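Undergrad: Next up is a structure, given as structure tokens.
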Amino acid sequence: MRLAFYLATGCMGCEMAFVDTLHEVIDEFSKIEIVWSSPMFKSSRYSELEEIEDNYIDYAIIEGGIGNSEVEYVVKMLRKKSRKIIALGTCAVHGGIPVLSHFHSIDEIIDEIYRGYRPSAKTILGGKYLLKLSDYRKQVPLCHVVKVDHYLPGCPPKPDAVASLIMNLENLESEWIISGKSVCSFCERSSSLLKSYTGENVDKRDENCFLLEGEICMGAVTNGDCMADCLKANVPCFGCYGPLPEIDDAGAKMIDVISAVTSQELVDRIFQTHRKFGKRFYLYSTGILKGGD
Amino acid sequence: MRTIRLEPVSRIEGHAKVTVFVDRNGFIERVFFQASEIRGYEKLLTGLQIKEAPRIVSTICGICRAVHFISALKACDQVYGVEPTELSENIRKIVLYANIVEDHTASLLLLALPDIINANDVLSSFQKIGLQNIKSMLERRREAVNIIERLGGRFLHPVAGVPGGWARKPDRSDMEKIEKSAEKVLSLGVDVYELLASLIDIENSEKFEHPSDLFYISLSDDGAEFYDGSVCVFDSKSSKVVEFKTNEVDSFIDESFRDYSYSKEASVLLREKKIDVVAGVLSRFHAGFRKYDMSYEIFRDIKKLYDPEHFIPLLSYLIRALEIVYSAENIIEILRCINLSDPIVNEDYRMQRSGIGIVEAPRGLLIHKYETDSHGNIKKVRIITPTQFNINALNIFLNSTYVGKKAFKGVERQIENLIRTFDPCIACSTHSIGGKSDLRIELVRK
Numbered sequence: 032m033r034l035a036f037y038l039a040t041g042c043m044g045c046e047m048a049f050v051d052t053l054h055e056v057i058d059e060f061s062k063i064e065i066v067w068s069s070p071m072f073k074s075s076r077y078s079e080l081e082e083i084e085d086n087y088i089d090y091a092i093i094e095g096g097i098g099n100s101e102v103e104y105v106v107k108m109l110r111k112k113s114r115k116i117i118a119l120g121t122c123a124v125h126g127g128i129p130v131l132s133h134f135h136s137i138d139e140i141i142d143e144i145y146r147g148y149r150p151s152a153k154t155i156l157g158g159k160y161l162l163k164l165s166d167y168r169k170q171v172p173l174c175h176v177v178k179v180d181h182y183l184p185g186c187p188p189k190p191d192a193v194a195s196l197i198m199n200l201e202n203l204e205s206e207w208i209i210s211g212k213s214v215c216s217f218c219e220r221s222s223s224l225l226k227s228y229t230g231e232n233v234d235k236r237d238e239n240c241f242l243l244e245g246e247i248c249m250g251a252v253t254n255g256d257c258m259a260d261c262l263k264a265n266v267p268c269f270g271c272y273g274p275l276p277e278i279d280d281a282g283a284k285m286i287d288v289i290s291a292v293t294s295q296e297l298v299d300r301i302f303q304t305h306r307k308f309g310k311r312f313y314l315y316s317t318g319i320l321k322g323g324d
Numbered sequence: 008m009r010t011i012r013l014e015p016v017s018r019i020e021g022h023a024k025v026t027v028f029v030d031r032n033g034f035i036e037r038v039f040f041q042a043s044e045i046r047g048y049e050k051l052l053t054g055l056q057i058k059e060a061p062r063i064v065s066t067i068c069g070i071c072r073a074v075h076f077i078s079a080l081k082a083c084d085q086v087y088g089v090e091p092t093e094l095s096e097n098i099r100k101i102v103l104y105a106n107i108v109e110d111h112t113a114s115l116l117l118l119a120l121p122d123i124i125n126a127n128d129v130l131s132s133f134q135k136i137g138l139q140n141i142k143s144m145l146e147r148r149r150e151a152v153n154i155i156e157r158l159g160g161r162f163l164h165p166v167a168g169v170p171g172g173w174a175r176k177p178d179r180s181d182m183e184k185i186e187k188s189a190e191k192v193l194s195l196g197v198d199v200y201e202l203l204a205s206l207i208d209i210e211n212s213e214k215f216e217h218p219s220d221l222f223y224i225s226l227s228d229d230g231a232e233f234y235d236g237s238v239c240v241f242d243s244k245s246s247k248v249v250e251f252k253t254n255e256v257d258s259f260i261d262e263s264f265r266d267y268s269y270s271k272e273a274s275v276l277l278r279e280k281k282i283d284v285v286a287g288v289l290s291r292f293h294a295g296f297r298k299y300d301m302s303y304e305i306f307r308d309i310k311k312l313y314d315p316e317h318f319i320p321l322l323s324y325l326i327r328a329l330e331i332v333y334s335a336e337n338i339i340e341i342l343r344c345i346n347l348s349d350p351i352v353n354e355d356y357r358m359q360r361s362g363i364g365i366v367e368a369p370r371g372l373l374i375h376k377y378e379t380d381s382h383g384n385i386k387k388v389r390i391i392t393p394t395q396f397n398i399n400a401l402n403i404f405l406n407s408t409y410v411g412k413k414a415f416k417g418v419e420r421q422i423e424n425l426i427r428t429f430d431p432c433i434a435c436s437t438h439s440i441g442g443k444s445d446l447r448i449e450l451v452r453k
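Those protein sequence lines, which keep their order, are chains A and B.
Taking the numbering used here, the leading residue of the first sequence gets 32, the next gets one more, and so forth.
Taking the numbering used here, the leading residue of the second sequence gets 8, the next gets one more, and so forth.
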């Protein structure tokens, strides 16, 4: 089996999740041939990727979304050279936090950061030193640019999930490597949410659903393979595993959920506190942009 | 003109490139280190609630998996005008030190090791050291990850912080498990240090003349400090050049832009003069490690190898291993005095509209600064990461070392290895816009 690893526009957390469990699979993993990898495991060059025969790589595991022209080029090249592309983690699957860039124009973002200054794609310094940079793009998930064969979301996915993916690549069947259940299905607080939905009275208690406390919790629309970890730590779900695959627009769905389970008073409180509630609803996924080309 | 491209250079965190310009006679004219990507977090955060910032900024970097969280959380306390409880600060410190342990171990074993033993890639370097040996170290590294998960709610990108405290109080059984993990982590530090000390021969390793105008920046409180303390700048003889409080950062730290890089380069302003500084292990080494016995002993050993006239890149690896021991000793000390019956959160909130949080990340001084409206909605964000200092320092160091020298065979590899001793985190330094970084080296011959 021939593998490739690539960090596209991401934070390297998904590959670190694999490192966190590497000791358990190191004997088997060290027998796998890594044909090309950057920046982890090997120091492969882009030119080496270009020289590889088409479809020579069995599985290319890509972490991160597409955030600039250089990454887009490498991902397209990996598609050509690989039989299967695996999108590892929420950035690769849904775009991740950098998709918040879609709430702004590129000029707005660059002006905020460089205060009127602007790094350029090509600079000639001192009349003789030519330096180049890749073009910044608004982040999109891999599927907007190439065909993806399998998806494992999570920011990052749990170490065991990443290890089991990498060690069982040849047995992958379903496109989505998830349970298909929402965060609420694993959350002990969801009983109060159900009561509220069916019109029962809910006592005010610490372990109530966050929505009933006037806080945005994305659990109802979010893939729950995190096993509702955040809720166990007493904080609401931010949606970091991305929306369940059958939900095209997580934000619209959240408005449904909130209007179905909360009182007018709570709805007012939620939208008064969260001036930019749109950003909270689309924190990790491009939402209606899904589908891409 | 002939161009030799080596792209990308790997085993650093993110995407960057180096371009070396060589004249007609083969002498190096100029070296540029560039960060080649952006993500825009400063803009992306606007309009969101400040209490949401720690979880969101954590995703700037998955290697520095908890430090952006803690730094932003400290800023968040200030926006809420609240002093965090002692118990919650102790929990934050344990999470921070556990982050230092797992990060340094990963950096040494997965990014640096092939350079140290001259192997082609990570897996063949594992084979050379012995799989069982590596396995045992990675197993104990996982204990540090377990500490983060148990307290932080998640193993990477923690979630359990709230303004003025922590979201969940750990119980006795949590603390017992953490105590066991901490012991394993301490033995990991000792083993990693011994392994590196046996592999690295500092006396015969590459040395470079120390640039006279290069200084070191670190948090310090009579010695290296990661969570508290004031910001100190040291010279290469470990003498303190300037010290300032965390709330004085604006008057002392400057960010400048380059046409050719997406990273804003940071430096220190002293009496209107710009001072170039290195952040990270070397700077904390100048602050010193005198608090605990085991790390102090190692600190003294490394000090004997240190020479203020020279810049010795491989020394960074030994100091990184020393810090694993120091962090483990810190965790054990905190566990000794932690009191679970104390309150976990102080909710006496008085909104202040601005806040600043500074910590020492694995790679050095990390600054998060926020301005909000009176409801805590974020209006302005400024994040300065250690690699922003180091990219500037690297540019100065690479130019002072290589300009005017003959571009000998293998110079690219030497530069690449040298850059990796700084352990640059380009994902962090380019948080400003899109996201990642591998290092590319390009040799341009004229």
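Quick reminder that beta carbons are idealized off the backbone N, C-alpha and C, glycines included.
Please read these numbers as outputs of a predicted model, since none were measured by experiment.
Starting from the beta carbon of T253(A), find every residue of chain B whose beta carbon is closer than 8 Å, and list them in chain order.
TA: Simply none; closest approach about 14 Å.
Undergrad: Pairing CB atoms from the stretch 331 to 343 of chain B with CB atoms from the stretch 183 to 201 of chain B, are three or more of them under 8 Å?
TA: In short, these stretches touch, since the Cβ pair count reaches three.
Undergrad: Within its chain, find whatever has a CB closer than 6 Å to the CB of Y313(A); leave out the 5 residues flanking it on each side and keep chain order.
TA: G282, listed in sequence order.
Undergrad: Starting from A48(A), find everything on chain B with Cβ-Cβ shorter than 9 Å and list it in chain order.
TA: In chain order: G69, F162 and L163.
Undergrad: Flag T229(A) as yes if its beta-carbon sits less than 8 Å from any beta-carbon of chain B, otherwise no.
TA: By this cut-off, T229(A) is not an interface position.
Undergrad: When burial is assigned at 16 or more other CB atoms within 10 Å of the CB, is Y167(A) buried or exposed?
TA: Buried.
Undergrad: Look at the Cβ atom of Y1(B), then the Cβ atom of I141(B), and state whether they are nearer than 8 Å.
TA: With chain B represented from 8 up to 453, any question about residue 1(B) goes unanswered, as that position is not in the structure.
Undergrad: When we look at the beta-carbon of F318(B) and count the other beta-carbons within 10 Å, is it buried (16 or more) or exposed?
TA: It is buried - the Cβ of F318(B) has at least 16 other Cβ atoms within 10 Å.
Undergrad: Using a Cβ-Cβ cut-off of less than 7 Å, give me the residues of the stretch 41 to 64 of chain B that come near chain A, in sequence order.
TA: The residues in question are Q41, S43, E44, I45, R46, G47, E49, K50, L51, G54, L55, Q56, R62 and I63.
Undergrad: Check distances from the C-beta atoms of the stretch 105 to 122 of chain B to those of chain A and list, in chain order, the residues that come in under 7 Å.
TA: Against chain A - using a Cβ distance shorter than 7 Å - the residues of the stretch 105 to 122 of chain B are A113 and L117.
Undergrad: Buried or exposed, going by whether 16 or more other CB atoms sit within 10 Å of the CB of K252(B)?
TA: Its Cβ having fewer than 16 others within 10 Å, K252(B) is exposed.
Undergrad: With a cut-off of 8 Å, does the C-beta of I141(B) fall near any C-beta of chain A?
TA: So, interface residue.
Undergrad: What distance in whole Å lies between the Cβ atoms of D220(B) and D314(B), which are believed to be in contact at a cut-off of 8 Å?
TA: With a Cβ gap of about 18 Å, D314(B) and D220(B) do not count as contacting.
Undergrad: Using a Cβ cut-off of 9 Å, pull out every chain A residue sitting near E146(B), in sequence order please.
TA: H54 and E55, listed in chain order.
Undergrad: Identify, in the order they occur along the chain, each residue of the same chain with its Cβ nearer than 8 Å to the Cβ of E96(B), setting aside the five sequence neighbours on each side.
TA: Hits under 8 Å: Y234.
Undergrad: Cβ of C218(A) within 8 Å of Cβ of G185(A)?
TA: No, these two residues do not count as a Cβ contact at 8 Å.
Undergrad: By alpha-carbon positions, which one of D84(B), E210(B), A119(B) and L145(B) ends up nearest to D58(A)?
TA: That would be L145(B), whose Cα lies nearest to the Cα of D58(A).
Undergrad: List the residues of chain A whose Cβ lies closer than 8 Å to the Cβ of A174(B), in chain order.
TA: Chain A residues near A174(B): A264, N265 and V266.
Undergrad: List the residues that DSSP assigns as beta-bridge partners of R33(A).
TA: Note: R33(A) sits in a beta bridge opposite E64(A).
Undergrad: Classify K5(B) as helix, strand or coil using the three-state DSSP reduction.
TA: No information on residue 5(B) is available, as it lies outside the stretch 8 to 453 that chain B covers here.
Undergrad: For Q134(B), decide whether its Cβ has a neighbour in chain A, counting only Cβ atoms nearer than 8 Å.
TA: Yes, its Cβ sits closer than 8 Å to a Cβ of chain A.
Undergrad: Mind listing the chain A neighbours of V129(B)? Cutoff is C-beta to C-beta under 8 Å, in chain order.
TA: Those within 8 Å of V129(B) in chain A are M71, F72 and K73.
Undergrad: So D142(A) and V152(B) are supposed to be a Cβ contact under 8 Å. How far apart are they, rounded?
TA: With 8 Å as the limit, D142(A) and V152(B) do not qualify as a contact, their Cβ atoms being about 39 Å apart.
Undergrad: Could you tell me the boundaries of the alpha helix (DSSP H) in which Y182(A) lies?
TA: First-last for Y182(A): H181 to L183, but that is the beta strand (DSSP E), not the alpha helix (DSSP H).
Undergrad: Do R62(B) and E109(B) have their C-beta atoms closer together than 8 Å?
TA: For R62(B) and E109(B), no; Cβs fall outside 8 Å.
Undergrad: Between which two residues does the beta strand (DSSP E) containing L469(B) stretch?
TA: No information on residue 469(B) is available, as it lies outside the stretch 8 to 453 that chain B covers here.
Undergrad: Just tell me which of L109(A), K62(A), H175(A) and G273(A) has its CA closest to the CA of Y77(A).
TA: That would be L109(A), whose Cα lies nearest to the Cα of Y77(A).
Undergrad: Would you mind sorting T293(A) into buried or exposed? The rule is 16 or more other CB atoms within 10 Å of its CB.
TA: Result: buried.
Undergrad: Kindly indicate which three-state DSSP category V366(B) falls into: helix, strand or coil?
TA: It is a strand residue.
Undergrad: The beta strand (DSSP E) spanning R114(A) covers which residue range?
TA: Unbroken beta strand (DSSP E) run through R114(A): S113 to L119.
Undergrad: For N384(B), return the contacting residues in chain A, with the cut-off set at a CB-CB distance below 8 Å.
TA: Chain A residues near N384(B): R306 and K307.
Undergrad: Identify the continuous beta strand (DSSP E) that holds I241(B) and give its terminal residues.
TA: The question names Ile, but residue 241(B) is Phe in the sequence shown. Run containing F241(B): S237 to F241, per the beta strand (DSSP E) assignment.
Undergrad: Quick check on L225(A) - is its C-beta less than 8 Å from some C-beta in chain B?
TA: No, L225(A) does not count as interfacial toward chain B.
Undergrad: Looking at the strands, I want to know which residues DSSP matches up with P274(A).
TA: P274(A) pairs with T253(A).
Undergrad: Taking a contact to mean a Cβ-Cβ separation below 8 Å, would you say G160(B) touches V166(B) in this structure?
TA: Yes, these two residues count as a Cβ contact at 8 Å.
Undergrad: Pull up the distance between the alpha-carbon of Q303(A) and that of G383(B), whole angstroms please.
TA: Straight-line Cα distance between these residues: approximately 12 Å.
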